[in-house]
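A.B. asks: Taking my numbering, the leading residue of the sequence shown gets 4, the next gets one more, and so forth.
The beta-carbon is built from N, C-alpha and C at its ideal position, and this holds for glycine as well.
Keep in mind the model is a prediction, meaning the values are calculated, not measured.
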Amino acid sequence: MKVTPTESGIPIKHATFETLAQALDYAAQGETGYNFFGPRGKLREVLPYSLLKKEALSLARKLLSLGFPRGSRIALLAHTDPLFVKFFFACQYAGYVPVPLPLMLQLNSAENYVSQLVRFLEISSAKAFFAPPEFLKFVEEAAQRAGLEIFGSEDVLSSVPESAAGLEPLSAEELAYIQFTSGSTRFPRGVMVTQRALMHNLHLISKYGVSRQEGDRAVSWLPFYHDMGLVGLVLAPLAAQVSVDYMSPKDFIVRPGLWLRLISEHRATISFSPPFGYELAAMRLKEEDLKELDLSSWRIAGVGAEMIRFSVLEKFAEKFAPCGFDSRAFTPCYGMAECTLAISFTTPGEGVKTDVVNREVLAREGRVKPCERESREAKVLVRCGRPLPGLEVEVRAPDGRVLPEEQVGVLFVRGESVMAGYLGDPEATREVLKDGWLNTGDLAYLREGEIVITGRVKDMIIVHGKNVWPQDIENLAESLPEVRSGNACAFAIPDEEGKDHPVLVVQVSLSPEKEATLKARLASLIRKELGIDCLVVLVPKNTIVRTTSGKPARSHTRKVCQEKGYLPLYFSKKVSSQAL
């Protein structure tokens, strides 16, 4: 068994198709495709685009025989597995809308995971649910609780005849898929992405983002349920006729060196990761491991999905320079599921561009003031490149005024890549979409036309690329009898590198023994339900600052706690071990 070749044998097309089905039709004429590797780097399965099309068409005819109305949603557990992509494209041909669902990665309870799946199935109104055999226990329980009659693996359709009716693939104006926002939100939102929006974004990624060229090959460990993993490293390569070599996220966490080994052995040119992936690889690999690596082919080392820490990229570049890694390959980018994926890209080959600004001026006045890197007040921010052609951006003040460059405000984006809305949630859609402009919810400024992200509007907390909403932490705290409603407030404090660390402040009046017990229970509950470690701080009543509507004012509460000595300005290991 050999991997699919790097060269497709057909002329490159930069996703210039109306639909995803048309993109596969063209890619199937060439020799490239998907390759799946096991935990130790052994090639597990090869799926050329030609074979993918053949099997997707067969599955599509079987799905059509089930009699679902056109546009019905089909839930798919997004494991890094050929089964997922076969069903995903079968839906494209059959006129159904795939709904990728996450794996259980950090949730420690099977019951919690099943409940999460049930919630996704109900929100999406899925008609069926398919997954690899090893996940059928979860699928069966979730599907039954959600009232689904058709669920399981590919075997479920083995006795289903292929429909004789002609296939009518999804059209440009129909949905391509539904992408759920982070499962950490209390009510996950389903982002509705049309075929037109998807193909527009895939074209921008191929032609301008990575500047697809002959000899390109991709490697990815990113989860298929994440927008960067699905759109950026599954759909974009196919639409540009690029071969991809996959390893699972779980295998990456255990053996990050395998990621670099695949790049080295297959002479890959494109691979993306959140900053923590680069950090993990640099931390785990030993000097003897570097001797076997040749990273000189890697021309697009994409960086995104969370706040980009320059120090992480510096350390990675320094460590792997002897392996031929060129720091100019770093390609910071910015995007979100609500804009399909990509909004901005650094020009390939430019490397990382940074702004060194005064931390206090930025935080207090919302403006950029250059600062010496050696200064204690220096904050290094990474530029995420210019908006891709066809996408417009504006930075706005709270009153709606468009701000000039180097002024921090809320980032808005407009263009064909913007979502149709949130599934079944017109109110939430109206909150973020107006006159074609999408409110990203991110704080940013522009400098020389490039986007620089500085934070999140509503104090959203990002832990290793995962969005964690403060309300989720507060709701968990208030589920305990000792914590009254409104007496919990969650936010983040940064460490010296600007990386977020979740904090929960709770107003209680208990004995020292009971306080210690409550803190332990809260920390355990949050870890169990949300899969994150959170610093729990117990404070006296009237510490939490409230808005005029009675809700906790998080940034003000954080400031009060720091001024009163309940919290430090920056997180450290010493702080995490203190009994605050």
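Are the beta-carbon atoms of TYR569 and PRO392 separated by less than 7 Å?
C.D. replies: No, these two residues do not count as a Cβ contact at 7 Å.
A.B. asks: With H, G and I counted as helix, E and B as strand and the rest as coil, what does DSSP make of TYR448?
C.D. replies: Here TYR448 sits in strand by DSSP.
A.B. asks: Quick one: using the 10 Å Cβ neighbour count with 16 as the cut-off for buried, is SER420 buried or exposed?
C.D. replies: Flag for SER420 reads buried.
A.B. asks: To the nearest whole angstrom, what separates the beta carbons of PRO105 and CYS94, a pair I think is in contact under 8 Å?
C.D. replies: The pair is not a contact, with the Cβ atoms about 18 Å apart (cut-off 8 Å).
A.B. asks: In whole angstroms, what is the alpha-carbon distance linking GLY352 and ALA493?
C.D. replies: Each residue's alpha carbon lies about 40 Å from the other.
A.B. asks: Would you kindly work out how many angstroms separate the C-alpha atoms of SER274 and TYR37, rounded to a whole number?
C.D. replies: Distance between the alpha carbons of SER274 and TYR37 is about 14 Å.
A.B. asks: Suppose the cutoff is 7 Å on Cβ atoms and the five residues either side in sequence are ignored; what does the same chain contact list for PHE92 look like?
C.D. replies: Correct list, in chain order: LEU27, LEU55 and ALA59.
A.B. asks: As an exercise, report each continuous alpha helix (DSSP H) stretch of at least 4 residues that is fully enclosed by the region 503-567, in chain order.
C.D. replies: Listed in chain order, the complete alpha helix (DSSP H) runs (minimum 4 residues) inside the region 503-567 are 515-533 and 557-566.
A.B. asks: Can you tell which of SER161, LEU23, ASN204 and HIS559 has its C-alpha closest to the C-alpha of PHE348?
C.D. replies: When only C-alpha atoms are compared, the closest one is ASN204.
A.B. asks: Within 8 Å, do at least three Cβ pairs link the region 536-549 to the region 490-507?
C.D. replies: Contact holds: three or more Cβ-Cβ distances are below 8 Å.
A.B. asks: Can you tell me whether MET250 is buried or exposed, with buried defined as 16 or more other CB within 10 angstroms of its CB?
C.D. replies: Classification of MET250: buried, given that the 10 Å Cβ count is 16 or more.
A.B. asks: What runs of the beta strand (DSSP E), each 3 residues or longer, lie entirely inside the region 237-269?
C.D. replies: As far as the region 237-269 is concerned, its whole beta strand (DSSP E) runs of at least 3 residues are 247-249.
A.B. asks: Thinking C-beta only, is ILE464 closer than 7 Å to ALA495?
C.D. replies: Yes, the pair counts as a contact, with Cβ atoms nearer than the cut-off.
A.B. asks: Which runs of the beta strand (DSSP E) at least 3 residues long sit entirely within the region 163-238? Give them in chain order.
C.D. replies: You should have 178-183, 193-197 and 221-223.
A.B. asks: Using DSSP with H/G/I as helix, E/B as strand and the rest coil, what is ARG302?
C.D. replies: DSSP places ARG302 in coil when its eight states are reduced to three.
A.B. asks: Within 10 angstroms of the Cβ of LEU283, are there 16 or more other Cβ atoms? Answer buried if so, exposed if not.
C.D. replies: So LEU283 counts as buried.
A.B. asks: Taking the continuous alpha helix (DSSP H) assigned at LYS322, which residues delimit it?
C.D. replies: From DSSP, the alpha helix (DSSP H) with LYS322 extends over 313-323.
A.B. asks: Please return the same chain residues whose Cβ sits closer than 8 Å to the Cβ of GLU434, not counting the five positions on each side in sequence.
C.D. replies: Counting only Cβ-Cβ distances below 8 Å, and skipping sequence neighbours, we find ASN442.
A.B. asks: Since THR22 and SER246 are thought to touch, with beta carbons under 8 Å apart, how far apart are those beta carbons, to the nearest angstrom?
C.D. replies: At roughly 22 Å, the Cβ-Cβ gap does not stay under 8 Å, so THR22 and SER246 are not in contact.
A.B. asks: Classify ASN490 as buried or exposed, calling it buried when 16 or more other Cβ atoms lie within 10 Å of its own Cβ.
C.D. replies: Burial call: buried.
A.B. asks: Output the boundary residues of the alpha helix (DSSP H) element that contains ASP358.
C.D. replies: From DSSP, ASP358 is part of no alpha helix (DSSP H) but of the beta strand (DSSP E) over 357-361.
A.B. asks: Which value, in whole angstroms, describes the spacing of the CA atoms of GLY439 and GLU395?
C.D. replies: Those two C-alpha atoms are separated by around 11 Å.
A.B. asks: Tell me the rounded alpha-carbon separation between SER378 and SER53.
C.D. replies: About 57 Å.
A.B. asks: For a minimum of 3 consecutive residues, which ranges assigned as the beta strand (DSSP E) are wholly contained in the region 88-172?
C.D. replies: Here the runs fully enclosed are 100-104, 131-133 and 153-155.
A.B. asks: Considering only C-alpha positions, which residue in the set ALA24, GLU176 and SER514 is nearest to PRO543?
C.D. replies: The candidate whose alpha carbon is nearest that of PRO543 is SER514.
A.B. asks: Under 8 Å, with one C-beta from each stretch per pair, do the region 300-317 and the region 229-239 reach the 3-pair mark?
C.D. replies: Flag = yes, the region 300-317 and the region 229-239 touch.
A.B. asks: Which same chain residues, not among the five before or five after ARG287, have their C-beta less than 7 Å away from its C-beta?
C.D. replies: If we look at ARG287 and ignore the five residues flanking it on each side, its Cβ neighbours are PRO259 and GLY260.
A.B. asks: Roughly how many whole angstroms lie between the Cα atoms of GLY235 and VAL486?
C.D. replies: Between GLY235 and VAL486, the C-alpha separation is close to 43 Å.
A.B. asks: With DSSP as the reference, label PRO85 as helix, strand or coil.
C.D. replies: Here PRO85 sits in helix by DSSP.
A.B. asks: Just to confirm the assignment, what range does the alpha helix (DSSP H) spanning PRO351 have?
C.D. replies: From DSSP, PRO351 is part of no alpha helix (DSSP H); its letter is neither H nor E.
A.B. asks: Indicate the three-state DSSP secondary structure (helix, strand or coil) for CYS336 in the structure shown.
C.D. replies: It is a strand residue.
A.B. asks: Out of LEU207, MET202, HIS206 and ALA243, state which residue places its alpha-carbon closest to the alpha-carbon of ALA221.
C.D. replies: Answer by Cα proximity: ALA243.
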